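Colleague: Provided herewith is a single structure, encoded as structure tokens, for subsequent inquiry.
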Amino acid sequence: MQNSIKFIALLFLCTLVSCTDVIDVDVQTDTIRLVVEASLDWEKGTTGNEQTITLRTSTPFFDTQSTDVVGAQVSVTNDVNGEVYLFTDQADGTYTTDTFNPQLNASYTLEIIYDGQTYTANDTMNPVADIIDVFQDTEDGFDDETIELHIVFNDFEAEGDNYFFKYERPQDLLPILESGDDEFINGNEVDWWFEINEDDDEEGEIKPLAPGDVVTINMHSISRPYYNYIDIVIDQLGGVGIFESTPVAIKGNCINTTNPDNYAHGYFRVTQKNTVIYTVE
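Quick note on numbering: the sequence shown equals residues -19 to -1, 1 to 262 in mature numbering (1 follows the signal peptide of the UniProt record, and there is no 0).
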């Protein structure tokens, strides 16, 4: 009886092994599109004349070939005074200029001519408030044992200011992004605090702020359309567990005027920004 059981078990195992098949799964692909990385950021205290725009194409998920776009014609026009800034093709997907002249409250139009099609986008450069102070504390965050950073600034009296913050540490693979507006803080001194909790990253790869951490803080003043765009991006990047956002296709502001259905991914923005480097104590 025992030998019979062993024989049946062996036969069953052989059956499982012999039934192993290789299954080819068709991965859904999308239309290959132009991808635009065009952030013209003017840091306070600099001329802002040197700017870079990066162009690539989207690719299938498992494709590892280069997607750099070369041979495009790229320009940015100041819609207020008509100045045109030509961006030079560096043959590696980047297009650069050293003649950009940033102007606050001016509207700018990007034009890209590539592969026989023309793409355009528009954004407005708004002034950013001065950062008065940066300090650390443990009292205002969600965890009274976790260090938070405070960025203090005076919001402008006029309503409608929108902000974008980017926090970077050398040890982190990606920066942490935040957005906000002045709906409830208009015209006041603002204490904007930033904290990293263990629960913010379910993989445990982003650690809370600790003594010795060097944090680069970028504070941008952004247009309302860009605020609406980046707010969705942040929601999709930041949700975890039951609070995870449902992925949706995010369209930027780059319009294909030749063939509207063949729109580009990415966004063209112009911002003024403050940059502060803070070492946690």
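Glycine is no exception: its CB is placed at the ideal position from the N, C-alpha and C atoms. Computed from a predicted model, the values in this text were never measured in an experiment.
Going by DSSP in three states, residue 150 sits in which element: helix, strand or coil?
Modeller: Residue 150: coil per DSSP, three-state reduction.
Colleague: Going by the DSSP bridge assignment, what does residue 55 pair with across the sheet?
Modeller: Its beta-bridge partners are 68 and 93.
Colleague: So residue 231 and residue 210 are supposed to be a Cβ contact under 8 Å. How far apart are they, rounded?
Modeller: Yes, residue 231 and residue 210 are in contact; Cβ-Cβ is about 7 Å, under 8 Å.
Colleague: Using the rule of at least 16 other Cβ atoms within 10 Å of the residue's Cβ for burial, across every protein chain shown, is residue 83 buried or exposed?
Modeller: Buried, by the Cβ-count rule.
Colleague: In chain order, what residues of the same chain lie with their CB nearer than 6 Å to the CB of residue 239, ignoring the 5 residues before and after it?
Modeller: Excluding residues within five positions, the ones whose Cβ falls inside 6 Å are 98 and 99.
Colleague: Rounding to the nearest angstrom, what Cα-Cα distance links residue 58 and residue 140 in this structure?
Modeller: Taking the straight line from one Cα to the other gives about 27 Å.
Colleague: Hey, out of 85, 172 and 63, whose CA is closest to residue 28's CA?
Modeller: Among 85, 172 and 63, the Cα nearest to that of residue 28 belongs to 85.
Colleague: Using the Cβ count rule (16 or more neighbours within 10 Å means buried), how would you classify residue 222?
Modeller: Bear in mind that the predicted position of residue 222 carries a pLDDT of just 41, short of 50, making it unreliable; the figure below should be weighed with that in mind. It counts as exposed.
Colleague: Between which two residues does the beta strand (DSSP E) harbouring residue 102 extend?
Modeller: Here the beta strand (DSSP E) through residue 102 covers 98 to 105.
Colleague: Which residue marks the beginning of the beta strand (DSSP E) containing residue 19, and which one marks its end?
Modeller: Counting along the chain, the beta strand (DSSP E) containing residue 19 begins and ends at 15 to 24.
Colleague: Would you check if the distance between the CB atom of residue 159 and the CB atom of residue 134 is smaller than 8 Å?
Modeller: The answer is no: Cβ separation not under 8 Å.
Colleague: Please classify residue 177: does DSSP put it in a helix, a strand, or coil?
Modeller: Coil at residue 177, not helix or strand.
Colleague: Just mark residue 41 as buried or exposed, buried being the case when its beta carbon has 16 or more other beta carbons within 10 Å.
Modeller: By the neighbour-count rule (16 or more Cβ atoms within 10 Å), residue 41 is not buried but exposed.
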